[in-house]
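Numbering (my numbering), first residue to last: 2 to 140.
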């Protein structure tokens with residue numbers, strides 16, 4: 002199995018559900034070809050995630066992010082939809098509450114272009130190490 006490839010995009014994340022109208026946090030979208038169906042979103046108070054609290058991280062489907070930037074998508078803890086002013090809206094729900102984040106749509110698009118260049122849509126299973134996963138289960 003070939004080594005995994007990654008892409009990373011740092012971006013400003015607007016917290017739209019905050020009582021503070023101009024709350025902007027440091028964000029990072031990440032993709033790893035070893036887990037081809039997933040994208041990671043990390044959000045922290047400061048960039049580059051040094052000092053302060055550790056980032057809050059969410060993992061969700063690459064296809065959800067791709068579909069959601071064009072039309073509302075998702076029915077669970079993560080929902081994605083196009084928003085005003087070129088933003089992509091990401092709604093995160095959990096036991097502690099929920100948040101609506103706005104991220105620049107152009108940066109989301111560039112990130113997804115890079116992710117799909119690493120693992121084209123429909124080829125995700127070619128990048129899964131199923132033998133390695135089974136070996137770990139049998140140990």
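Positions of the beta carbon are idealized from the N, C-alpha and C atoms, including for glycine.
Option nearest residue i by Cα separation, candidates the options
| i | options | result |
| --- | --- | --- |
| residue 102 | 21, 117, 4 | 21 |
| residue 70 | 27, 94, 78, 84 | 84 |
| residue 18 | 4, 57, 98, 59 | 98 |
| residue 100 | 40, 59, 106, 139 | 59 |
| residue 87 | 76, 110, 75 | 110 |
Cβ distance (whole Å) where residue i is taken to contact residue j below 8 Å
| i | j | result |
| --- | --- | --- |
| residue 179 | residue 119 | This structure cannot settle anything about residue 179, because the visible part of the chain is limited to 2 through 140. |
| residue 38 | residue 116 | Incorrect: roughly 11 Å between the Cβ atoms, too far for contact. |
Other residues of its chain near residue i: CB distance less than 6 Å, five sequence neighbours each side excluded
| i | result |
| --- | --- |
| residue 80 | 92 |
| residue 15 | 25, 103 |
| residue 73 | 82 |
Same chain, Cβ closer than 7 Å to residue i, neighbours up to 5 away in sequence not counted
| i | result |
| --- | --- |
| residue 95 | 78 |
| residue 54 | 45, 46 |
| residue 108 | 10, 12 |
| residue 6 | 34, 119 |
Which residues DSSP lists as bridging residue i, in chain order
| i | result |
| --- | --- |
| residue 29 | 11, 43 |
| residue 60 | 41 |
| residue 20 | Answer is none; residue 20 lacks a bridge partner. |
C-beta neighbour in chain C for residue i, strict 7 Å
| i | result |
| --- | --- |
| residue 104 | The question asks about chain C, but that chain is absent: this structure has only one protein chain. |
Legend entry - Three CB pairs or more closer than 8 Å across the stretch 113-128 and the stretch 51-70: Three or more Cβ pairs closer than 8 Å define a contact, and the stretch 113-128 meets that threshold against the stretch 51-70.
Inset, instruction - Inspect the CB distances between the stretch 7-14 and the stretch 26-42 and report whether three or more fall short of 8 Å. - result: Touching, yes, given that three or more Cβ pairs across the two stretches are closer than 8 Å.
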